[in-house]
Amino acid sequence: MKKDDGEMAEEEKKKPCRFWIWALSSVAFRLILISFAGNLNLSSRPEVSTPLTSIRRLAEGYWLKQASMSPYAGSMYHGSPLLLSLLGPLTVQRIKGQPSHLLCSLVFVVADVLSAMLLRGIGQKLQMAYGLNARLLGLLKTPRDKGILPSGDIAALVYLWNPFTIACCVGLSTSPIENLAVISALYGAVTRKVPLAAFGLVMATHLSLYPATLTIPIIFLLGYGLDAPPLKLFLQTKKVDNEDRSTSKPTTRLPFLWKTVIHFVFWLLLWSLCVLVLCALSLTKYGGLEEMFNRTYGFILSIEDLSPNIGVFWYFFAEVFDFFRSFFLIVFHVNILFMLLPLAIRLKHRPCFLAFIYLAISSILKSYPSVGDSALYLSLWALFVNELVDMKFSFFLFCGYLGISLLSPVMHNLWIWRGTGNANFYFGNAIGYACFQIVFVVESVSAMLNHDRALKKCNSNHGEVKK
Amino acid sequence: MSAEKRDKEEEVKTDDGSPKIKPRPIVQLGIFLISHSPVFSVVFSAAGVLALLLLPLLAKNTYISENALMPGSARSMLSHRDVSDGSKLVKDIKNFRSNHEGQGVEVQRLIGKYMSEMGAEVYYQKFHPEGNQFHPLHFFSGPDSYTLLGNVSCASYGVNVAGIIRAPRGDGKESIVLVTPYDSINGGEYEALSLGIASSLFSLLARVTWLSKDIIWLVADSRYGDYRPVAAWLSEYHTPSFMVSDSLKCDELNTAGSFKRAGTVAAALVLKVDGRSERFEDTLSIYAEASNGQMPNLDLFNVVNYLAVHRQGFYVRVEKVVSLLSSSWLKTVGEIFEAVGKVAHTLNPDWNFGIPAADYLEGSATLASSLYSQALGIPTGPHGAFRDYQVDAITLKVSPRFPADSKARQHDFFQRGAQLLEGTIRSVNNLLEKFHQSFFLYLLTSPSKFVSVGVYMIAFALLVAPLPMVAASLYIDGCNALTKATHNPAKNLKSWKWLDAAKQVFALHLLGFIVTLLPYFICQVPGQHSPTNRSIMWAATSSSLLLLTFVTIPSCSPFSSRLHGTNWAVLKSVTISAAFIGLCLMSIINFATAMIGALLLVPMCLMVRPIKLDLRSKRVKSLVGAFCSTVLVTIGFPVIVFAISKGLIREGGLVGLSLGGEFWTWLESLWAWKSATYLYIGMVHLPCWLLCLCILFHPS
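Taken in sequence, the protein lines are chains Z and R.
Note that UniProt numbering gives residue 100 to position 100 of the first sequence, counting from 1, and the numbers run on in steps of one.
Note that UniProt numbering gives residue 301 to position 301 of the second sequence, counting from 1, and the numbers run on in steps of one.
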């Protein structure tokens with residue numbers, strides 16, 4: 001299928017317009033759903049709201065605080081005190097004739113739109129980098145990025161139209177805000193806005209602890225630059241060119257920008273200090289920071305709440321004997337840490353992809369996962385459509401995700417409402433979900449590595465031809 | 001199920017597995033299955049149908065799984081005095097009704113008086129007989145979601161009477177409910193007999209010492225149907241509304257604030273007496289199906305069946321499809337099975353699976369009825385209301401063998417009925433926890449035989465097993481064809497070629513969803529419309545929406561040019577995957593619906609091919625294939641399925657518009673009862689049928 005340049009240009013012009021139409025319609029769709037929020041009753045679904053992200057718990061915490069009690073009293077609220085001061089007043093304000101929590105929902109819609117825009121920004125940068133690298137390697141001859149998919153637009157739309165994101169937004173869980181923090185950290189790192197990257201990372205870690213793992217990819221991003229094929233490839237290409245000229249020495253190592261990284265660490269400390277001071281101020285009367293760490297991070301790490309969710313921990317820790325509990329807690333949490341280093345070594349040339357993998361893994365092994373986490377990593381995955389075009393089992397995975405997410409409410413209904421099923425039904429579903437996620441992560445990584453290998457092959461062929 | 005699914009989906013994985021590594025055995029098996037998918041799909045589908053036909057043979061005898069129940073182990077304590085109490089109540093009501101015409105509340109008062117004389121706490125409850133309204137968002141929400149307190153006129157309300165006996169050995173945290181629906185205005189004479197039985201029992205229970213669960217006797221006002229009053233009482237029992245209803249103000253009978261409760265309901269029995277028995281013995285019909293194919297625990301059913309057969313000598317029956325009893329093909333199948341069983345028995349005397357053809361016929365007629373009423377998803381009696389609150393309940397419909405006015409036999413009848421209920425209540429009274437030992441998911445083939453979920457799932461699994469296989473093999477074919485067709489690397493999205501087909505499948509499912517919601521809006525159209533008119537409205541809007549979809553999204557339409565259209569193999573593969581997911585989901589929500597749906601959908605999805613291809617090739621085989629797929633697609637349309645099933649049940653001819661009206665009424669009953677079958681038809685069956693139509697007329 002060949003198109004003339006005029007047609008292409010016209011299509012290029014049309015594309016942003018179409019993107020905005022889709023983005024706006026997703027916002028409209030959210031607004032329509034919000035007006036039915038009472039009927040949909042998404043906020044009570046275990047898939048959407050976890051003990052950490054439920055807005056009901058936040059409202060309860062705010063109410064306790066207004067009654068001059070510790071917001072953490074009674075093991076109801078386990079989120080950040082800052083979020084309490086930001087969202088808390090909105091939970092009590094009601095506009096007559098409107099569904100309750102309307103203002104909160106609007107905040108979440110805004111957060112979603114912001115995240116999508118930041119994703120678009122990240123995607124555009126990555127797309128440019130992809131084109132540049134392809135041209136450097138001599139795979140792409142034309143100056144225009146013909147044949148490169150607009151990954152930014154795709155990722156933003158995947159984020160906005162993902163049913164998981166919509167469910168989280170309408171279901172009033174605070175995960176849109178957590179996702180916004182994570183995405184802004186990545187955006188800051190990609191566009192080299194160091195303060196923003198540090199702020200996003202600090203906020204994300206403060207809100208849900210697990211994004212702390214993103215420190216590694218962000219440092220790589222700031223130190224080495226954007227995602228690129230392995231350095232060896234460039235050296236090979238250079239060698240081919242150099243043989244003709246035989247002048248400059250090939251550098252075997254990529255320069256690491258220590259200065260930016262130190263800059264980043266400085267901002268990281270500064271923002272952490274700010275956040276801690278603010279938290280301490282808001283909790284002075286109620287036990288201070290120690291109480292906060294106990295009730296937020298402690299709650300996440302010790303898995304106190306065993307109510308069912310789509311993760312796999314609740315079932316296990318409901319069964320395990322008390323004297324083994326701490327042992328298994330360590331084993332389960334170390335699982336995430338074990339994977340950090342090998343992945344970081346193998347994928348250090350693709351820090352954004354590394355961030356996606358970290359987020360996906362933490363969403364599998366989280367203590368209180370929700371579909372909001374999947375929404376985040378799925379849209380980050382869409383940033384790499386160019387690299388992952390030949391990912392295997394895409395259809396199988398799609399069907400799996402679809403089937404599992406439809407099956408989950410059915411199993412829950414069977415267990416809780418009908419009483420004909422039991423916890424195993426819902427847990428079986430959770431295991432299936434985890435399996436699909438694992439296959440998804442494994443396939444993405446192997447597709448990415450295959451992509452690199454294919455580049456190498458191409459490159460060596462290319463070199464031979466040149467000789 | 002899921003393990004099997006994964007196993008089958010394994011094939012999808014193998015499609016582009018790298019050739020360097022030698023595939024693992026399971027992958028090899030997958031490749032083998034895919035490459036021979038036509039053979040295997042025929043084998044599996046046939047095996048599925050065969051397994052379904054075999055179910056009456058595989059039925060097990062029922063047994064009581066919970067040891068605590070100990071049915072029939074205690075001697076009945078029912079005395080003549082108790083029975084004469086019951087007879088007196090029936091006589092009083094009869095006299096009262098002959099003297100006073102149409103004085104509804106007075107009869108309830110009379111019953112209430114009797115109850116309190118026996119030492120029970122009595123109260124009255126008013127309810128509105130408002131019909132079930134269709135609201136699309138209330139489908140899977142909890143039972144408390146429809147507390148609409150509109151302006152209801154004082155003229156129409158019902159009054160339930162309930163009496164509670166507090167258990168001497170209990171702590172008031174558990175109870176057993178006995179329901180006798182009674183229409184005080186136009187109830188027949190037989191209906192009053194159920195009050196007699198219940199009051200005999202109540203009189204006994206008021207003085208026994210072994211009770212550890214409170215007993216609630218609810219006389220439901222069945223003026224507006226059996227189900228509604230029980231549902232209203234249960235809703236008030238479990239989810240009290242604190243808004244003052246209008247009806248409380250408008251009558252002399254002040255019921256406000258008098259509602260009493262007795263803890264969680266362990267089990268409920270609904271007793272009805274109707275019509276004279278056709279047989280020599282008194283007949284007891286047991287109805288167990290609640291909404292969406294849910295069944296009460298098999299133990300409860302067994303206790304009643306055991307006591308009725310072995311202690312009281314009732315003839316126990318469950319519903320069966322009578323027309324099947326005379327069907328010749330089923331008889332032939334039964335004879336074949338009998339012969340095979342005999343041969344097997346001669347080969348090895350331990351193989352005793354053969355049953356006589358007559359038993360087989362009987363069993364399959366009962367099984368068909370069990371499947372049908374579960375698939376319909378409409379409760380077969382007032383017991384259905386209890387299932388929404390996780391209470392096990394069954395309806396016992398007793399038909400005495402004597403005419404209603406025969407005094408002499410009445411005493412004996414009351415005694416036996418009350419003894420049956422006493423035994424059941426005594427068994428349930430022994431329970432320490434809720435029913436959990438026995439099955440919740442089963443099909444009945446006779447009152448004492450059942451097929452459990454583990455057995456009947458096999459038939460379904462075999463039937464749907466070809467779907468993922470064929471989907472995988474078509475996916476590979478389609479992708480290869482697409483790779484050949486496009487040379488532009490930018491357009492060649494290697495593993496993402498299914499996206500276009502998925503778009504089309506999604507669009508049509510969305511359409512199905514909208515069509516499912518349309519009746520809600522059509523019901524909002526002002527003015528009185530006959531069902532026929534409404535169905536015409538529905539059909540017109542749906543088809544115009546379909547046309548709109550085809551116009552706006554050209555790739556969806558079967559009439560598009562070849563360039564726009566997707567590859568039919570990929571489209572069929574995605575369609576089959578969607579059907580597979582839909583059927584598997586439905587099999588968990590309501591197995592019977594999924595089973596019947598699979599019988600219709602699976603052959604249609606497997607057979608359908610673009611008719612142009614077949615006509616072009618002009619070979620006999622492909623022409624037969626084209627004919628078969630056309631027939632299957634024609635039969636697969638929900639309205640035609642409905643017409644055929646109606647035609648089978650009663651031989652009346654239904655043509656044209658009256659059919660539309662009947663279909664509408666049928667669907668209305670489905671959504672009014674919140675049957676998931678309605679959702680299945682609209683959101684799985686209809687879109688898959690449309691997609692098959694698209695494939696059939698594909699411009700390939």
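Beta carbons: idealized from backbone N, C-alpha and C, even for Gly.
First and last residue of the uninterrupted beta strand (DSSP E) at Ile197 (chain R): The continuous stretches of beta strand (DSSP E) do not include Ile197 (chain R), which lies in the alpha helix (DSSP H) extending over residues 189-205.
Completely contained alpha helix (DSSP H) runs for the stretch 270-296 of chain Z, where each covers 4 or more residues: Correct list: 288-295.
For Pro181 (chain R), the three-state DSSP class (helix, strand or coil): In the three-state reduction of the DSSP assignment, Pro181 (chain R) falls in the strand class, which pools E and B.
Burial state of Gly150 (chain R), where buried means 16 or more other Cβ atoms lie within 10 Å: The pLDDT assigned to Gly150 (chain R) is 47, lower than 50, so where the model puts this residue is not dependable, and the model offers no usable value.
Val441 (chain Z) versus Z:Lys392, Z:Gly171, Z:Leu126, Z:Pro409, residue with shortest Cα-Cα distance: Closest in alpha carbon position to Val441 (chain Z), among Z:Lys392, Z:Gly171, Z:Leu126, Z:Pro409, is Z:Lys392.
Contact set for Phe108 (chain Z): own chain, Cβ-Cβ below 6 Å, skip 5 residues either direction: So the qualifying residues of the chain are Cys169, Pro176.
Phe324 (chain Z) CB to nearest heavy atom of the ligand FAD below 8 Å: For the ligand FAD, the structure offers nothing, since it holds no ligand at all.
Segment limits, beta strand (DSSP E) that includes Asn160 (chain R): Start and end: 158-165.
CB contact flag (Ser362 (chain Z), Tyr224 (chain Z), <9 Å): Their beta carbons are not under 9 Å apart, which means Ser362 (chain Z) does not touch Tyr224 (chain Z) by this criterion.
Nearest residue (CA-CA) to Trp20 (chain Z), options Z:Ser44, Z:Pro71, Z:Leu40, Z:Met117: Of all alpha-carbon atoms in Z:Ser44, Z:Pro71, Z:Leu40, Z:Met117, the one lying nearest the alpha-carbon of Trp20 (chain Z) is that of Z:Met117.
Test item: CB-CB of Ser629 (chain R) and Ile611 (chain R) under 9 Å: Yes, they are a contact pair.
Option in R:Ser573, R:Asn348, R:Ile64, R:Met595 with minimal Cα separation from Ala368 (chain R): Checked all of R:Ser573, R:Asn348, R:Ile64, R:Met595; the closest Cα to Ala368 (chain R) is R:Met595.
Backbone secondary structure at Phe19 (chain Z) - three-state DSSP: In this structure, Phe19 (chain Z) counts as helix in the three-state DSSP scheme.
Short-range partners of chain R found in the stretch 393-414 of chain Z, where Cβ spacing is below 8 Å: Hits within the stretch, in order: Phe393, Ser394, Phe395, Phe396, Phe398, Cys399, Gly400, Leu402, Gly403, Leu406, Leu407, Pro409, Val410, Met411, Asn413, Leu414.
Within 9 Å, strictly: CB atoms of Phe580 (chain R) and Val453 (chain R): For the 9 Å CB-CB criterion, Phe580 (chain R) and Val453 (chain R) do not form a contact.
Candidates Z:Arg418, Z:Trp417, Z:His412: closest to Asn424 (chain Z) by CA position: Of the listed residues, the one whose Cα sits closest to Asn424 (chain Z) is Z:His412.
Any C-beta of chain R under 9 Å from that of Gly138 (chain Z): Cβ-Cβ to chain R under 9 Å: no for Gly138 (chain Z).
Beta-carbon proximity list for Met683 (chain R), same chain, < 8 Å, skipping 5 on both sides: The beta carbon of Met683 (chain R) is closer than 8 Å to those of His509, Gly512, Phe513, Thr516, Gly582 in its chain, skipping five residues each way along the sequence.
Reference Gly188 (chain Z), options Z:Pro217, Z:Thr165, Z:Trp161, closest by Cα: Out of Z:Pro217, Z:Thr165, Z:Trp161, Z:Pro217 has the C-alpha closest to the C-alpha of Gly188 (chain Z).
Assigned exposure category for Tyr63 (chain R) - 16 Cβ within 10 Å defines buried: With fewer than 16 Cβ atoms within 10 Å of its Cβ, Tyr63 (chain R) is classed as exposed.
Cα-Cα separation between Ala360 (chain Z) and Leu341 (chain Z), rounded to whole angstroms: So the alpha carbons of these two residues sit roughly 15 Å apart.
For Thr264 (chain R), three-class secondary structure by DSSP: In the displayed model, Thr264 (chain R) falls within a strand according to three-state DSSP.
Rounded separation between Arg94 (chain Z) and Leu103 (chain Z) - CA only: Rounded to whole angstroms, the gap between the alpha carbons of Arg94 (chain Z) and Leu103 (chain Z) is 8 Å.
Chain Z within 9 Å of Tyr475 (chain R), Cβ atoms only: At least one chain Z Cβ lies under 9 Å of Tyr475 (chain R).
Beta-carbon spacing of Val633 (chain R), Leu693 (chain R) below 9 Å: At a Cβ-Cβ threshold of 9 Å, Val633 (chain R) and Leu693 (chain R) count as neighbours.
Closer than 9 Å to chain R by CB, Trp381 (chain Z): For Trp381 (chain Z), the nearest beta carbon of chain R is not closer than 9 Å to its own beta carbon.
Glu387 (chain Z) and Phe356 (chain Z) closer than 9 Å at C-beta: For Glu387 (chain Z) and Phe356 (chain Z), no; Cβs fall outside 9 Å.
Thr395 (chain R) and Pro382 (chain R) closer than 9 Å at C-beta: For Thr395 (chain R) and Pro382 (chain R), yes; Cβs fall inside 9 Å.
Identity of the residues DSSP links to Thr395 (chain R) by a beta bridge: Answer is R:Val270, R:Tyr287, bridged to Thr395 (chain R).
Short Cβ contact (9 Å threshold) for Tyr237 (chain R) with Phe202 (chain R): Taking 9 Å as the Cβ cut-off, Tyr237 (chain R) and Phe202 (chain R) do not qualify as a contacting pair.
Residue from R:Gln294, R:Phe32, R:Val90 with nearest C-alpha to Ser587 (chain R): Among R:Gln294, R:Phe32, R:Val90, the Cα nearest to that of Ser587 (chain R) belongs to R:Gln294.
Reduced DSSP category for Gln125 (chain R) - H, G, I as helix; E, B as strand; rest coil: Correct three-state label for Gln125 (chain R): strand.
His685 (chain R) versus R:Lys91, R:Glu662, R:Cys605, R:Thr665, residue with shortest Cα-Cα distance: If you compare the alpha carbons of R:Lys91, R:Glu662, R:Cys605, R:Thr665 with that of His685 (chain R), the shortest gap goes to R:Cys605.
Close-in-space but distant-in-sequence residues of the same chain around Val340 (chain R) (CB under 8 Å, 5 per side omitted): Setting aside the 5 residues that flank it on each side, Val340 (chain R) is surrounded in the same chain by Gly354, each with a C-beta closer than 8 Å to its C-beta; the list follows chain order.
Collapsed DSSP secondary structure at Ser364 (chain R) in the structure displayed: Under the three-state reduction of DSSP output, Ser364 (chain R) falls in the helix class.
Exposed unless 16 or more other CB atoms sit within 10 angstroms - verdict on Trp258 (chain Z): Under this definition Trp258 (chain Z) is an exposed residue.
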